[in-house]
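Below is one structure, written out as structure tokens, with a few remarks after it.
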Amino acid sequence: MKRIALITSGGDAPGMNACLRAIVKTCLNKEIVPVGYYNGYQGMMEDEYKEMNSLDVKNIIQYGGTILGTARSQEFRTKEGRAKAIENIRKNNIDGFICIGGDGSFKGAQALSEEMSIPVIGIPGTIDNDMYGTDRTIGFDTALNTVVEAVDKIKDTAGSHRRIFLVEVMGRDAGFIALDGAISSGAASVLIPEERSNIQLLAEELKTQSKRKGNLIVIVAEGDDAGGAEDIYQKLLPLMEGFELRYTILGHVQRGGRPSAFDRLMATLMGVYAVELLENGKSDVMIGAKGDELHTISLQDAVNNKAEAEVSKLNAIKLLKTVN
Ligand code: F6P
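Quick note on this note's numbering: the sequence shown kicks off at 440 and runs consecutively.
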């Protein structure tokens, strides 16, 4: 292993920089050249890269975003697009590849590995936490903390006005942020894609609970089957006359900010491990975390299975509703 290519791909996530730092420093300590491609697969196709040194990753562990940039490349999904990347990878004598990203990014990595037989390691990085084979993805913990902080603020105004607030959080296909965000912010209810939503029932429950408590928070995952916070607000209005409803969409604020200690720690350990795996001849695996322990799972299993938020946690929300 002499030259390892690395990219950040898909939606950025706090902790990606910590991971890049770990990969670059580990490579340098092992006399491997880390080749960072800019803007994910786009940079690979356009041959935009930098042979990275320790100055490139100095003082970045604490910052959100990614110093390499990222993209969701449509062109790379095509065989022609990948052929351009393969030509550049060969020209640059790359003999290993580390991809930090989510599901879509790993599908690209898998295709690349099949078409040019290059050893590939995936590191799960997405605020959504929707990767099969790992308890946590890089960025999820920070995003969750951002959500909780925002909801705390909304609760101040909701309480003053005795209003019911629908707060939309990210999670296109999965309700991890919504579910854990709802429990940790003391929300009255949560709507997630993993569970069919019943708006009529929600309205009844909110009316009962609001009579007791006044202000209430409902967390809505953006990918819920009943729609986002605005759709649900529109559906609730005619069912809840006399109650004051508002909705807030947290949006991309959830993707930025200083990574939490947890995300920095996990990202760093995963970065070091990825280089070690390549050095030991491993390929086509994603690194996963179970508690404090890191493990590997085949990229194929990681992308062919769907990660779903634990619906059983909804029980906690039911048992925590206000009853007197
Ligand atoms: O990275 C995951 C995610 O944040 C999803 O939760 C969200 O639906 C999506 O990215 C938004 O993507 P974009 O920033 O490309 O609009």
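Even glycine gets a Cβ: it sits at the ideal position worked out from N, Cα and C.
All of these numbers come straight from a predicted model, not from anything done at the bench.
In chain order, what residues of the same chain have a beta carbon less than 7 Å from the beta carbon of residue i, not counting five sequence neighbours either side?
{"i": "Ile622", "result": "Lys752, Ala755 and Ile756"}
{"i": "Asp664", "result": "Pro632, Arg635 and Ser636"}
{"i": "Gly508", "result": "Tyr477 and Asn478"}
{"i": "Asp451", "result": "Gly504, Thr505, Thr509 and Arg694"}
{"i": "Glu554", "result": "Arg521 and Ile525"}
How would you write the range of the alpha helix (DSSP H) that residue i sits in, first residue to last?
{"i": "Glu715", "result": "Ala700 to Glu718"}
{"i": "His600", "result": "Phe579 to His600"}
{"i": "Ile622", "result": "Phe615 to Ser624"}
{"i": "Lys652", "result": "Ile638 to Lys652"}
{"i": "Gly547", "result": "Asp542 to Met555"}
{"i": "Glu669", "result": "Ala668 to Leu675"}
{"i": "Arg442", "result": "Unbroken run through Arg442 is the beta strand (DSSP E), Arg442 to Thr447; no alpha helix (DSSP H)."}
{"i": "Gly502", "result": "Correcting the residue identity first, residue 502 is Tyr in this sequence and not Gly. Looking at the DSSP string, Tyr502 is not in any alpha helix (DSSP H), and its letter there is neither H nor E."}
State yes or no: is the C-beta of residue i nearer than 6 Å to some heavy atom of ligand 1?
{"i": "Asp567", "result": "yes"}
{"i": "Arg611", "result": "yes"}
{"i": "Gly450", "result": "yes"}
Beta strand (DSSP E) containing residue i: first to last residue?
{"i": "Lys489", "result": "Tyr488 to Glu490"}
{"i": "Ala494", "result": "A quick correction: the sequence has Leu, not Ala, at residue 494. Element bounds for Leu494: n/a, residue is neither H nor E."}
{"i": "Lys523", "result": "That residue, Lys523, is in no beta strand (DSSP E); its alpha helix (DSSP H) goes Lys518 to Lys530."}
{"i": "Gly727", "result": "Val724 to Lys729"}
{"i": "Ile533", "result": "Note, Ile533: premise wrong, no beta strand (DSSP E); not H, not E."}
{"i": "Val472", "result": "Val472 to Tyr476"}
{"i": "Val606", "result": "Ile603 to Val608"}
Given that a residue counts as buried once 16 or more other Cβ atoms are within 10 Å of its Cβ, and exposed if not, what is residue i?
{"i": "Thr687", "result": "buried"}
{"i": "Leu676", "result": "exposed"}
{"i": "Lys464", "result": "buried"}
{"i": "Asn584", "result": "buried"}
{"i": "Glu661", "result": "buried"}
{"i": "Arg601", "result": "exposed"}
{"i": "Asp731", "result": "exposed"}
Tell me which residues share the same chain as residue i and place their Cβ nearer than 6 Å to its Cβ, disregarding the 5 neighbours each side in the sequence.
{"i": "Gly695", "result": "Gly503"}
{"i": "Leu605", "result": "Val657, Val659, Ala668, Ile671, Tyr672 and Tyr686"}
{"i": "Lys523", "result": "Met484"}
Below 8 Å on the Cβ atoms is my guess for residue i versus residue j; work out the distance and round it to an integer in Å.
{"i": "Gly520", "j": "Met484", "result": "6 Å"}
{"i": "Thr735", "j": "Cys458", "result": "Contact flag wrong, Cβ pair sits at about 16 Å."}
{"i": "Leu689", "j": "Glu607", "result": "6 Å"}
{"i": "Asn572", "j": "Met725", "result": "One detail in the question is off: residue 572 reads as Gly in this sequence, not Asn. Rounded, the Cβ-Cβ distance is 6 Å, consistent with contact."}
{"i": "Ile656", "j": "Val590", "result": "6 Å"}
So, for residue i: in the same chain, excluding its five sequence neighbours on each side, which residues have a beta-carbon less than 8 Å away from its beta-carbon?
{"i": "Pro558", "result": "Asp534, Gly535, Phe536, Ser552, Leu717, Gly720, Lys721, Ser722 and Asp723"}
Does the beta carbon of residue i come closer than 7 Å to any beta carbon on chain D?
{"i": "Ala748", "result": "Annotation note: the requested chain D is absent from the structure, which comprises a single protein chain."}
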